[in-house]
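Numbering-wise (my numbering), the sequence shown opens with residue 7 and increments by one. Where is the CB? At the ideal position from N, CA and C, for every residue including glycine. The model shown is predicted, which means the values in this text are computed figures rather than measured ones. Presented below is the structure to which this report refers.
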Amino acid sequence: MQIKVTAEHIDYLRENKIFLNADGTYNHTWMRIGAVYNTYGAALLEPYSAMSVGPRLCSIGAFSYSKSYFPPQYFTIGRYCAIAMNSQAIPDNHPMERLGMCGFDYAKVAPFKQFETDVAAPVRKVLPKADTAKTIIGNDVWIGQDVLIKRGVTIGHGAVVGARSIVTKDVPPYAIVIGSPATFKRYPSGEDRR
């Protein structure tokens, strides 16, 4: 659904203490009055949360901030979280059971669409099964810069995910994980509670 951002939308965010940048003003943010805003799923935002990057709103808990965008239909961010820049969901995989890997039998975009037009030979498109799994980021989680997160995992309360890690499985509560793939290193106190 598309909506045109109005002053009333910005006033709603201001009144509910939902911030769009670190300085707490609404004049110079990624969401601008008059811009067309595409919604892809309902974003649930609690007061005193901050989303300093668009293009859309995330589902995010109170006292959390994110400098990365996570689609609300796939991600829920808890309270008291800190998420650095350029972290994101791992995109869907190409379907490996198909004749080819490039997408000619499922993608409706260039170059495939143009080829079909040029030769007047449409190819039957069968979309791959989409990954609709929900990712839960617990409360008091710290996610470093450039982290990739597989959809459907749970990052437990109090966990820390090191910068440039690739999270492919659940992260236990209070664990510190780093690497590619992200592996358990220790708990904050240094003891192993596994």
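Identified DSSP bridge partners for residue i
i, result
"residue 82", "142"
"residue 154", "94, 172"
"residue 189", "184"
"residue 8", "44"
"residue 25", "56"
"residue 148", "88, 166"
"residue 160", "142"
"residue 177", "161"
Alpha-carbon to alpha-carbon, residue j and residue i
i, j, result
"residue 122", "residue 138", "30 Å"
"residue 175", "residue 158", "8 Å"
"residue 140", "residue 191", "25 Å"
"residue 155", "residue 33", "32 Å"
"residue 81", "residue 117", "31 Å"
"residue 194", "residue 179", "11 Å"
"residue 29", "residue 150", "21 Å"
"residue 87", "residue 103", "38 Å"
"residue 161", "residue 145", "9 Å"
"residue 62", "residue 50", "12 Å"
"residue 126", "residue 114", "15 Å"
"residue 53", "residue 85", "10 Å"
"residue 120", "residue 130", "14 Å"
"residue 17", "residue 26", "12 Å"
"residue 163", "residue 169", "18 Å"
Where residue i falls, given that 16 or more other Cβ within 10 Å makes a residue buried
i, result
"residue 1", "No statement about residue 1 is possible, as the shown extent of the chain runs from 7 to 200 and does not include it."
"residue 186", "exposed"
"residue 40", "exposed"
"residue 166", "buried"
"residue 9", "exposed"
"residue 177", "buried"
"residue 75", "buried"
"residue 128", "exposed"
"residue 64", "buried"
"residue 71", "buried"
"residue 13", "exposed"
"residue 48", "exposed"
Cβ distance (whole Å) where residue i is taken to contact residue j below 8 Å
i, j, result
"residue 147", "residue 173", "About 11 Å separates the two Cβ atoms, so there is no contact after all."
"residue 60", "residue 91", "That pair is no contact at about 13 Å."
"residue 83", "residue 143", "5 Å"
"residue 66", "residue 58", "About 11 Å separates the two Cβ atoms, so there is no contact after all."
- Enumerate, from N- to C-terminal direction, the unbroken beta strand (DSSP E) stretches of 3 or more residues contained entirely within the region 45–71. Correct list: 55–57.
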